[in-house]
Structures are given as structure tokens and as C-alpha cells.
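Engineer: Residue numbering for the sequence shown follows the numbering used here, starting at 36 and increasing by one per position.
Think of the CB as a built atom: it goes at the ideal place given N, C-alpha and C, for glycine as much as any other residue.
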Amino acid sequence: MKKDLDTKAVDFDPFLRHGELERTAPVTEGQSEMWTSIAMSPEANLAYNESISVNLSAPLDLERLQRAANRLVATHDALRMSFSPMGRTLHVSTENRCPIALYDFSLESKDSQIQKWEALRRAATQTPFALDQAPLFRLAYVRISENECRLILSAHHLVTDGWSMAVILTDLAKAYSEGKLAPAPSFAEYALKEKDQIHRDTSARDYWTQLFLDGGSILEMPH
Numbered sequence: 036m037k038k039d040l041d042t043k044a045v046d047f048d049p050f051l052r053h054g055e056l057e058r059t060a061p062v063t064e065g066q067s068e069m070w071t072s073i074a075m076s077p078e079a080n081l082a083y084n085e086s087i088s089v090n091l092s093a094p095l096d097l098e099r100l101q102r103a104a105n106r107l108v109a110t111h112d113a114l115r116m117s118f119s120p121m122g123r124t125l126h127v128s129t130e131n132r133c134p135i136a137l138y139d140f141s142l143e144s145k146d147s148q149i150q151k152w153e154a155l156r157r158a159a160t161q162t163p164f165a166l167d168q169a170p171l172f173r174l175a176y177v178r179i180s181e182n183e184c185r186l187i188l189s190a191h192h193l194v195t196d197g198w199s200m201a202v203i204l205t206d207l208a209k210a211y212s213e214g215k216l217a218p219a220p221s222f223a224e225y226a227l228k229e230k231d232q233i234h235r236d237t238s239a240r241d242y243w244t245q246l247f248l249d250g251g252s253i254l255e256m257p258h
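1) What is the rounded straight-line gap between the Cα of GLU57 and the Cα of GLU143?
2) Which full runs of the alpha helix (DSSP H) of 4+ residues lie inside the region 87–148, going along the chain?
3) Just to confirm before moving on: does the CB-CB distance between LEU155 and ILE187 stay below 8 angstroms?
4) Note down the Cα distance separating GLN161 from ALA82, rounded to an integer number of angstroms.
5) Considering only DSSP beta bridges, list what TYR176 is partnered with.
6) Could you say if the region 108–118 and the region 186–201 meet the contact criterion of at least three C-beta pairs nearer than 8 angstroms?
7) What are the start and end residues of the alpha helix (DSSP H) that includes ALA74?
8) Looking only at DSSP bridge pairs, what is ARG58 linked to?
9) Report all residues from its chain with a CB closer than 8 angstroms to the CB of ASP206; omit the five preceding and five following residues, and keep chain order.
10) For the alpha helix (DSSP H) that contains GLY197, what are its first and last residues?
11) Report back the beta-carbon spacing between ASN80 and PRO163 to the nearest angstrom; my notes put them in contact at under 8 angstroms.
12) Quick check: LYS181 and SER141, are their CB atoms within less than 8 angstroms of each other?
13) Sorted by chain position, which residues of the same chain lie with C-beta nearer than 7 angstroms to ALA103's C-beta, five sequence neighbours on each side aside?
14) Less than 6 angstroms between C-beta atoms, sequence neighbours within five positions excluded: which residues of the same chain meet that for GLY122?
15) Just to confirm, are GLU229 and GLU64 a CB contact at a threshold of 8 angstroms?
16) Should ARG171 and ALA60 be called a contact, given that it needs their Cβ atoms to be closer than 8 angstroms?
17) Between the alpha carbons of CYS184 and ARG157, how many angstroms are there, rounded?
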């Protein structure tokens, strides 16, 4: 019975494993192409991992960092997104708590710190995201010494890119320092507008195709 529902029901699961379902939206054309490449070659999933790291010269207040990360995720709905099993629908979760992985290498030798840091960096890019489970975003805090720490931000290219990763980092810093963020444009709204535009473009093309289905009248050009 469950299998039959999975294959024949509408293409979204309202029983999210990470928060409640806030809204749905169609995937964009770019996301659809990316999803298709992943479906054809699951190994391609890792190729779409985005990751950046930041060195900090002072430790962060972890409670404050957690509040900033939560505010970041609440502001950017792309960081609360997952995808339906067939990759046709975006799910936006209500869950705005951002899990932060904590690591402490401060008691390790210098060589051990280097090895563990490199292993962590590799894991950030080589650990696949489950695309049907939000969030497709990860944050790690690493303590290197009393006066040095690092952040690793990772996300799937389906919900971010190089430019938006820079925006995410900037907003995280702002949320940490100022305790607030201005509202951000909704990715779900963008996806809906793109779908509407494609539909209107298709309707216009269909209209003219139907109008000239018989070839139309012959236009006599002057000699």
C-alpha cells in the first residue's frame, strides 16, 4: 500500500522529517537540470557540494553563534528547503534551528590538528546531502586554540552557489554582531514567478502556432 502511494500520489511528502511543511513551490529550470544529472549519476551529487571555511582570530560565543545561525536560516528560505523524491517540488520547512557541529582540536599536537582539519575539510565536500531532507546546509565550528577558531559552511548547489554563499557568510556575521537581519528575497517566490513566466511564454507561443496552423495568408511583396 505504501509503495503504491509513493508512486501514484502527488509529488511531495507533507510529513517532513525536519519541521513542518511551510510551503511548496515548483523547482526552477536550473534545479531541474541539476536534479536530472544527479538522478542519472548519483556520484554527481558530491560534485555539487559547496563549501567555504573562515579563519577567526578570536573564539566565538557559541550561544550567540547558535542564535545567529538560527536567524540566518529563518531569513533565507533556501536554507530550509528540500526536494520531493522525484525532484519536481521544493519543500520549505518551518524548522529554523540550524544544527552546528562542534569540534575542539585545541589539545591536539600541531600535526594532529593539521590532519584532523584536512579530514574535516574533505568531509565537508565529500559527505553527500540527502536531497529529500532539509536542511541542505551544514555549519561547523572548530576550536584550534584559545585564540583561534574556524567555521566551515557547506551547502548543496541546488540551494546555493558561490555568490550566495558569500551572502550567507556576510549575513551570518551580521546576525552574530547585530543580532538581527533584514528580510531577504524568498527563493520559493522566485521559483513560482519563473514557473508563471514560462507558462505565459508557452501560452503565447501556442496562441501564434494555432493562429497560423494553416500557414496563414500569403503576403504579396511589391515588385
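Structural biologist: Per the coordinate set shown:
1) Between the alpha carbons of GLU57 and GLU143 lies a distance of about 44 angstroms.
2) DSSP runs (the alpha helix (DSSP H)) wholly in the region 87–148: 97–110.
3) Their beta carbons are under 8 angstroms apart, which means LEU155 touches ILE187 by this criterion.
4) Approximately 8 angstroms, taken between the alpha carbons.
5) Residue pairing by DSSP places TYR176 opposite LEU137, LEU186 in a beta bridge.
6) These segments touch.
7) Start and end: 64–75.
8) Paired residues: VAL127.
9) Here the set comprises LEU107, THR110, HIS111, LEU216, ALA219.
10) Per DSSP, GLY197 belongs to the alpha helix (DSSP H) from 197–213.
11) Contact between ASN80 and PRO163 holds, with the beta-carbon distance rounding to 5 angstroms and staying under 8 angstroms.
12) The residue you asked about is not Lys; residue 181 is Glu in the sequence shown. In this structure, GLU181 sits near SER141, with a CB-CB distance shorter than 8 angstroms.
13) Cβ neighbours of ALA103 beyond the five flanking positions: LEU207, ALA210, TYR211.
14) So the list reads TRP70, once near-sequence residues are dropped.
15) In this structure, GLU64 lies closer than 8 angstroms to GLU229 by Cβ.
16) It should be noted that the sequence gives Leu, not Arg, for residue 171. Contact flag unset, no.
17) Within the model, the alpha-carbon separation for CYS184 versus ARG157 is close to 18 angstroms.
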